[in-house]
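Residue numbers (full-length UniProt numbering): 1 to 304.
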């Protein structure tokens with residue numbers, strides 16, 4: 001290897017045959033790209049709403065491609081209406097009220113509460129199939145996936161409730177407190193169903209399979225619906241069960257629906273705060289369920 005010196009400018013020796021290294025320009029000469037000014041808060045909300053919308057549409061398309069889910073989900077509460085009103089209606093006496101009018105608010109409540117099982121079962125199925133893992137690899141907020149699940153099931157619950165109202169008219173049920181209060185009762189039922197669906201979403205994320213969700217879900221749903229005033233007056237129950245029924249949030253929803261539909265028949269409400277102020281009790285239940293179970297579900301989803 002030979003070295004050569006420049007006699008003209010006194011530069012340092014260079015190695016013959018070796019390519020000179022490229023010296024990067026100073027940092028001050030590099031072009032600086034400034035991101036365009038944005039309102040991050042507004043964009044985050046827009047992106048979140050866009051995610052919720054996209055996943056909700058996906059969930060609804062999934063329901064459309066599985067018509068059996070809609071069919072059996074609607075037929076089950078219709079069966080309960082016919083069973084209780086036509087078979088048991090003659091044997092069950094309600095002081096001061098017609099049993100069909102007494103029954104329908106309970107059937108409506110049972111319908112929206114049982115409809116929340118779709119949230120849990122679909123969530124458990126998506127987890128089992130690995131779809132939730134795919135969602136987590138995408139730039140989608142965890143909460144958007146769960147909110148979209150509950151919104152899609154709210155649409156299904158709305159459809160089912162409308163069918164139940166039509167069935168009630170067929171068996172002789174009528175609302176007697178005006179259209180405005182009737183619509184308020186329907187909205188209250190749907191709001192409760194959305195809040196309660198967070199309980200089943202959390203349960204669906206905890207269990208290991210959709211089959212396990214069915215068993216675990218009914219262990220929650222059956223005591224809440226049947227140990228209530230949905231089908232018989234709470235006063236007819238033993239003391240322990242009567243106290244549970246009177247403070248059961250499902251009983252508050254049933255009582256609120258009866259009052260808004262004008263179906264109390266003049267029968268006095270039990271002397272407890274929840275039964276004397278059922279609408280406020282339902283709103284309190286909606287707020288508590290959403291505030292407790294929605295964050296727990298989002299946290300659980302982030303850990304799977």
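Each residue gets a CB set at the ideal place from its N, CA and C atoms; glycine is no exception.
No experiment lies behind these values; they were computed from the predicted model shown.
Taking only three categories from DSSP, how would you classify residue i?
{"i": "residue 27", "result": "Any reading at residue 27 needs caution, since the residue's pLDDT is 42, under 50, leaving its predicted position unreliable; the model's value is listed next. In the structure shown, residue 27 sits in a helix (DSSP, three-state: H, G or I)."}
{"i": "residue 173", "result": "coil"}
{"i": "residue 46", "result": "helix"}
{"i": "residue 184", "result": "helix"}
{"i": "residue 208", "result": "coil"}
{"i": "residue 93", "result": "coil"}
{"i": "residue 138", "result": "coil"}
{"i": "residue 109", "result": "helix"}
{"i": "residue 3", "result": "Here residue 3 scores only 47 on pLDDT, less than 50, and its place in the model is too uncertain to base an answer on."}
{"i": "residue 307", "result": "No information on residue 307 is available, as it lies outside the stretch 1 to 304 that the chain covers here."}
{"i": "residue 40", "result": "Only weak support exists for where residue 40 lies, its pLDDT of 48 falling under 50; the coordinates are left without a value."}
{"i": "residue 304", "result": "coil"}
{"i": "residue 237", "result": "coil"}
{"i": "residue 98", "result": "coil"}
{"i": "residue 65", "result": "coil"}
{"i": "residue 226", "result": "helix"}
{"i": "residue 272", "result": "coil"}
{"i": "residue 262", "result": "coil"}
{"i": "residue 130", "result": "coil"}
{"i": "residue 281", "result": "helix"}
{"i": "residue 74", "result": "helix"}
{"i": "residue 248", "result": "coil"}
{"i": "residue 298", "result": "helix"}
{"i": "residue 196", "result": "helix"}
{"i": "residue 116", "result": "coil"}
{"i": "residue 84", "result": "helix"}
{"i": "residue 232", "result": "coil"}
Less than 8 Å separating the beta-carbons of residue i and residue j?
{"i": "residue 190", "j": "residue 112", "result": "yes"}
{"i": "residue 125", "j": "residue 262", "result": "no"}
{"i": "residue 230", "j": "residue 109", "result": "yes"}
{"i": "residue 322", "j": "residue 301", "result": "Here the chain has residues from 1 to 304 only, and residue 322 is not among them."}
{"i": "residue 274", "j": "residue 265", "result": "no"}
{"i": "residue 146", "j": "residue 70", "result": "no"}
{"i": "residue 203", "j": "residue 217", "result": "yes"}
{"i": "residue 180", "j": "residue 100", "result": "no"}
{"i": "residue 107", "j": "residue 88", "result": "no"}
{"i": "residue 284", "j": "residue 276", "result": "no"}
{"i": "residue 212", "j": "residue 286", "result": "no"}
{"i": "residue 123", "j": "residue 49", "result": "no"}
{"i": "residue 103", "j": "residue 119", "result": "no"}
Our contact map puts residue i next to residue j with C-beta atoms below 8 Å; I'd like the distance itself, whole angstroms only.
{"i": "residue 59", "j": "residue 149", "result": "6 Å"}
{"i": "residue 253", "j": "residue 192", "result": "5 Å"}
{"i": "residue 141", "j": "residue 68", "result": "Not quite, the Cβ-Cβ distance comes to about 31 Å (not below 8 Å), so this is no contact."}
{"i": "residue 121", "j": "residue 223", "result": "About 19 Å; that fails the 8 Å criterion."}
{"i": "residue 250", "j": "residue 225", "result": "6 Å"}
If you compare alpha carbons, which of the options is closest to residue i?
{"i": "residue 167", "options": "303, 78, 61 and 228", "result": "78"}
{"i": "residue 257", "options": "105, 75 and 157", "result": "105"}
{"i": "residue 279", "options": "218, 203, 242 and 188", "result": "188"}
{"i": "residue 247", "options": "236, 228 and 199", "result": "228"}
{"i": "residue 303", "options": "127, 64 and 65", "result": "127"}
{"i": "residue 154", "options": "143, 170, 197 and 174", "result": "197"}
{"i": "residue 63", "options": "102, 80, 159 and 215", "result": "159"}
{"i": "residue 259", "options": "74, 214 and 97", "result": "97"}
{"i": "residue 185", "options": "203, 165, 204 and 199", "result": "165"}
{"i": "residue 115", "options": "244, 221, 276 and 288", "result": "221"}
{"i": "residue 151", "options": "55, 83 and 270", "result": "55"}
{"i": "residue 236", "options": "53, 94, 49 and 205", "result": "94"}
{"i": "residue 57", "options": "283, 163, 144 and 295", "result": "144"}
{"i": "residue 74", "options": "207, 163 and 170", "result": "163"}
{"i": "residue 82", "options": "206, 170 and 123", "result": "170"}
{"i": "residue 199", "options": "136, 289, 174 and 44", "result": "289"}
{"i": "residue 92", "options": "233, 119, 245 and 239", "result": "233"}
{"i": "residue 129", "options": "208, 139 and 61", "result": "208"}
{"i": "residue 138", "options": "47, 214 and 241", "result": "47"}
Can you find a heavy atom of the ligand MG that lies under 7 Å from the Cβ of residue i?
{"i": "residue 88", "result": "Questions concerning the ligand MG fall outside what the structure shown contains, since it holds no ligand whatsoever."}
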